[in-house]
Amino acid sequence: MLTLNLALLAMRALRGVTVQRSLPLAGTVILTDACNLHCRHCGVSNIRRRMAEYPEVRRVMERYREQGIGVLFFAGGEPTLWRGEGRGLDDLCREAKEMGFALAIVVTNGTVTLNLPHPDLVFLSIDGTPPTHDAIRGETFAAIMANLDAAPPGLNVCLFAAINNLNYREVEALAALAYEHPRIRSISYNLHTPHPGTEGLALAPDQRREAVAAIIRAIDAGYPVMNLRPALEEQLAGGHHEPCRQHIVWEEGRWFTCGRCSESPRLCDQWGYLFASEMAWIVRGGPAALLAAARTYARSLG
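Take the sequence shown: its letter number 164 is residue 163 in numbering that gives the first Met the number 0, and every next letter is one higher.
Structure representation (structure tokens):
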């Protein structure tokens with residue numbers, strides 16, 4: 000079934016890069032902004048601490064399917080905290096597969112649980128070597144690694160690193176961790192987006208260039224990096240950013256194109272969501288770019 004769903008997703012993506020360039024491919028459901036951590040770089044958690052109700056989550060999932068979206072992300076806050084009508088996050092992932100989504104993906108800090116049998120991919124937030132990670136997220140590195148060791152066999156884990164001015168020199172160390180750890184398949188990088196209260200972690204222009212260059216070096220060294228090299232090269236050349244119309248985000252009844260920072264021009268100009276630039280590069284690059292991206296992304300799905 001996964002192979003068939005991915006084939007259908009590939010056909011839709013091909014249409015998106017050749018005919019209908021605003022065709023949405025991925026949708027995110029923000030289940031809650033509640034989080035058990037207070038990370039220094041995060042400006043979107045623990046504001047209202049509201050859990051989305053199950054019926055509204057289900058309606059959003061159904062709307063995404065009606066739009067033909069094939070990739071569904073569950074995020075927060077910390078999505079493993081979510082509960083609704085006796086269901087938890089893994090139940091939603093199971094339902095997503097039953098509804099026909101090609102991929103159900105979870106973004107988590109990994110401190111609550113990684114006992115998640117049903118996602119196709121888990122983005123696990125690790126933001127540096129143990130001392131640096133703990134300085135950013137609190138003393139959580141050891142607990143995350145313990146949960147990772149106890150995770151179900153076959154869980155596809157991709158490290159999800161947010162690069163700021165505290166950890167930008169650890170890009171390649173994180174790539175090495177993804178390569179060496181037996182339970183980790185790949186790594187994906189974002190750059191810090193300076194939401195209010197987190198401006199002190201913003202990357203200076205030279206730090207941003209150094210971080211992007213380090214990601215490229217990690218790719219060239221053969222580390223399992225999910226980011227796309229040509230899109231990173233555009234970043235070094237000055238960047239190319241436009242709202243990523245292939246990605247939709249829902250949170251508390253509001254809909255965003257690209258990401259939650261898109262409603263603020265100031266934040267959008269300082270965005271760090273590399274996935275958006277990669278999607279834009281794929282759309283501009285057409286079928287050849289789509290094929291190159293598929294080869295990179297497939298590594299995280301085994």
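Beta carbons: idealized from backbone N, C-alpha and C, even for Gly.
For residue j and residue i, the rounded distance between their alpha carbons
| i | j | result |
| --- | --- | --- |
| A220 | L273 | 20 Å |
| Y63 | F122 | 21 Å |
| A103 | V70 | 6 Å |
| P116 | P151 | 6 Å |
| P286 | A297 | 16 Å |
| S124 | V156 | 10 Å |
| R208 | W81 | 37 Å |
| Q245 | F159 | 20 Å |
| C243 | G153 | 31 Å |
| G303 | G199 | Only positions 0 to 301 of the chain appear in this structure, which leaves residue 303 out of reach. |
| T192 | L165 | 14 Å |
| R57 | R86 | 12 Å |
| N35 | R168 | 27 Å |
| L120 | G26 | 15 Å |
| V59 | L190 | 28 Å |
| L176 | R93 | 29 Å |
| A145 | D126 | 16 Å |
| F73 | E65 | 18 Å |
| L147 | A212 | 29 Å |
| E250 | M278 | 21 Å |
| F255 | V28 | 11 Å |
| A33 | G42 | 12 Å |
Residue i classed as buried or exposed, judged by whether at least 16 other C-beta atoms fall within 10 angstroms
| i | result |
| --- | --- |
| L30 | buried |
| R47 | exposed |
| D205 | exposed |
| H132 | buried |
| P223 | buried |
| L290 | exposed |
| S44 | buried |
| L227 | buried |
| R49 | exposed |
| R136 | buried |
| L173 | buried |
Nearest-angstrom beta carbon gap, residue j and residue i [assumed within contact, 8 Å]
| i | j | result |
| --- | --- | --- |
| S276 | M225 | Not confirmed; about 13 Å, so no contact. |
| E77 | N114 | So it is not a contact: roughly 15 Å between Cβ atoms. |
| V170 | A217 | 6 Å |
| G83 | E52 | 6 Å |
| N163 | H40 | 5 Å |
DSSP bridge partner residues for residue i (one or two, in chain order)
| i | result |
| --- | --- |
| G26 | L71, I247 |
| F303 | Only positions 0 to 301 of the chain appear in this structure, which leaves residue 303 out of reach. |
| Y103 | Looking at the sequence itself, residue 103 is Ala, so the reference to Tyr does not match. DSSP output for A103 lists L71 as bridge partner(s). |
| T256 | I247 |
| L120 | I104 |
| T31 | M50 |
| V224 | I186 |
is_contact[residue i, chain E] using C-beta, thresh 8 Å
| i | result |
| --- | --- |
| W280 | Included in the structure is just one protein chain, with no chain E present. |
N-terminal and C-terminal residue of the alpha helix (DSSP H) that residue i is part of
| i | result |
| --- | --- |
| C92 | 88-98 |
| I125 | Note, I125: premise wrong, no alpha helix (DSSP H); not H, not E. |
| V59 | 53-65 |
| I281 | 273-297 |
| A149 | Here A149 belongs to no alpha helix (DSSP H), and DSSP marks it neither H nor E. |
| R49 | First-last for R49: undefined, no H or E at that position. |
| P229 | 228-235 |
| V170 | 170-179 |
The beta strand (DSSP E) enclosing residue i, as first and last residue numbers
| i | result |
| --- | --- |
| Y188 | 185-190 |
| W81 | Taken as a continuous stretch (DSSP letters only), W81 belongs to no beta strand (DSSP E), as it is neither H nor E. |
| R207 | R207 -> not in any beta strand (DSSP E); alpha helix (DSSP H) instead, spanning 204-219. |
| A160 | 156-162 |
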